[in-house]
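A quick write-up on the structure given underneath.
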Amino acid sequence: NNSDDQDIETVEDIRTGLIGFYNEFKHNNDNKSLTTSFIIKDNTGERDFIGANSFFTLDDFKNCDHLIDGEFDEFGTFNGTLRIYNKIIEDYSYRPNRPNIQKASYGKFNLKLGYVSGSGETSLNDNVYDYFNKKLTSFGGLYIYRDDLRVLPYGRPQSDFLQFEERRSRRAGTYFFSYRRMFGYIELKRENNRSLIDKAGREGFINNKAFRDFKIDLIGFFLNLAKEYFGTDAKNDVKQKQLEELKEARASEVEEKKLEKEERNRFKDYLKSVPKELEDLNTRYFKLSNELKNKLKDTNVIYQDIQQLLRQIDRLKADFESLEPKRPKRFSMDSRDRERFEIVTDAYTLSRLEFDSINKLRKEALDKIAEEQLLKEYENKFHNYSSLLNDITAKSKQDLKRAFENIDIEFEKTEVAFKNNLSKIYQDYIPFPP
């Protein structure tokens, strides 16, 4: 109910008021010069109501997305360093809109502010992002310390005195900064900032000229940062370029996670199915091996049968080699998968020994096939030579027949010519009787 909600809110206000009482932003948990705690004792034991070790530390500034670190001098000019993702901008300077000779009414002070972008723009991995989100939810904001002691209420969720969220609600892309996404502090000193006066008996500073100028210059500073570097239409593209690279890297990471998930599923399916597949391959291997042995002993073997068996064995061996255990590349195996992987590896190694043992038998079969092929080659050559000889003989016979026929014709011609000549001579020299 409402009263319970109010009680919870009151308790949370007390807790956030106590935590960070001393400027813990300047230290890590292991080297604090002062530790604050609020111990509650009851029948369950003791617990620290503040939970100081859950507050921000000095190292958090190293790990956030963006960092602003520097000093506002007596003229209200900021000089310091910006870190935008991984890009460091040294000697960054901002001067408020007032004459140089006019000193700021509030005095010089230091500012150190870390910023964690939303999930769509952060450069942090999921674990670090969750780490910061928990702290930002409980303790996010811009704190003010005077001589390392906290000035309340600044830093509380409802104490957005520079109106970051009001501007973001109008144009988040232009104004960029969110009070809920920042952590850090303004460091005042009594001798430098006397005009910033605490309210008597109440929280906060008196709304005098110094405090009004203090707020105006800080608001102008953050508006200028958004305009120059952080806003969507910033003049400098340092943030935008890195953001595009981050989005590309994140897309690649998403794709890599998808591939990793697919590989995990394939690997688990492999570990589950391969023992049965190896058993099936071994059974088929022994059957083919025995068939080959029997064929080689058979004197009337048909060599095409041996060739067919060898082709089946080669296909079987290729199937076997496709099951070779390979460690996953995209992820590390857990203890259960490692144990199953070792079992599969041992089974595969034993099966390989069996498959390798057929090499001698396979060589014998190949030798027999080679002999058969050599015999066939000789037979083919013999048949070719015989056929060629038959062709030559037949052709020679035809040539001889034609030659003898030509001789007979020529002989007959010669005989007729001789007889004619002889008859003529006879008639010329031997007169006919009267």
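Sequential numbering from 17 applies to the sequence shown in the numbering used here.
For glycine and all other residues, C-beta sits at the position ideal for the given N, C-alpha and C.
The structure displayed is predicted, hence computed values, not measured ones.
Assigned secondary structure, residue i (DSSP; H/G/I helix, E/B strand, else coil)
i: D75; result: coil
i: N95; result: strand
i: D229; result: helix
i: R187; result: coil
i: L140; result: coil
i: R166; result: strand
i: L178; result: coil
i: R63; result: strand
i: Y394; result: Residue placement at Y394 is poorly supported in this model, since its pLDDT is 43, which falls under 50; the coordinates still yield a value, given next. Three-state DSSP puts Y394 in a helix.
i: D81; result: coil
i: E293; result: helix
i: E87; result: strand
Residue i at chain C interface by Cβ criterion, 7 Å
i: I329; result: The chain inventory of the structure shown lacks chain C, comprising one protein chain alone.
Under 7 Å between C-beta atoms of residue i and residue j
i: Y170; j: R183; result: no
i: E203; j: N79; result: no
i: S147; j: H82; result: Per the sequence shown, the amino acid found at residue 147 is Tyr instead of Ser. Contact flag unset, no.
i: K57; j: S121; result: no
i: F88; j: G36; result: no
i: G92; j: D85; result: no
i: Q320; j: L304; result: no
i: E244; j: K251; result: yes
Nonlocal neighbours in the same chain, by C-beta distance under 7 Å from residue i, ignoring five residues either side
i: F237; result: F94 and Y110
i: K231; result: F177 and L178
i: K333; result: F371
i: A363; result: P291 and L294
i: L212; result: Y122, L204, F221, A226, F227 and F230
i: F77; result: L83, K128 and G130
Identity of the residue in the options nearest residue i by Cα
i: F41; options: E278, F199 and K103; result: F199
i: K379; options: S185, F71 and I322; result: I322
i: K128; options: I117, I160 and F230; result: I160
i: T248; options: S154, E295, F193 and S268; result: F193
i: R300; options: D285, Q320 and L325; result: L325
i: P341; options: L287, R327 and D314; result: L287
i: E90; options: R114, D314, N102 and S439; result: R114
i: N208; options: E426, S351 and K119; result: K119
i: N240; options: D350, L34, L98 and I423; result: L98
i: I30; options: I117, G136, K150 and F155; result: F155
i: R206; options: K103, S185 and D163; result: D163
i: T153; options: Y145, S133, G189 and R196; result: R196
Sequence-distant residues of its chain with Cβ nearer than 8 Å to residue i (five each side left out)
i: K215; result: F221 and I222
i: E467; result: The structure shown has nothing for residue 467, since the chain only spans 17 to 450.
i: Y394; result: With a pLDDT of only 43 at Y394, under 50, the local geometry of the prediction cannot be trusted, and no value is derived from it.
Cutoff 6 Å; reference residue i; Cβ partners in own chain excluding five residues on either side
i: N44; result: T73, L74 and D75
i: L262; result: S139
i: V167; result: I160
i: L391; result: Low confidence applies here, because L391 scores a pLDDT of 48, under 50, leaving its location unreliable; read the following figure in that light. If we look at L391 and ignore the five residues flanking it on each side, it has no Cβ neighbours.
i: I374; result: S305
i: R356; result: L287
Open item on the list: Check whether the segment 173 to 180 and the segment 134 to 150 are in contact - that is, three or more C-beta pairs closer than 8 Å.
Closed with: no
Open item on the list: Within 8 Å, do at least three Cβ pairs link the segment 357 to 377 to the segment 330 to 345?
Closed with: yes
Open item on the list: Taking contact to mean 3 or more Cβ pairs, one atom from each stretch, closer than 8 Å, check whether the segment 278 to 288 and the segment 344 to 358 are in contact.
Closed with: yes
TODO: Assess, as a yes-or-no matter, whether the segment 306 to 314 is touched by the segment 255 to 275 under the definition of 3 or more beta carbon pairs within less than 8 Å.
DONE: no
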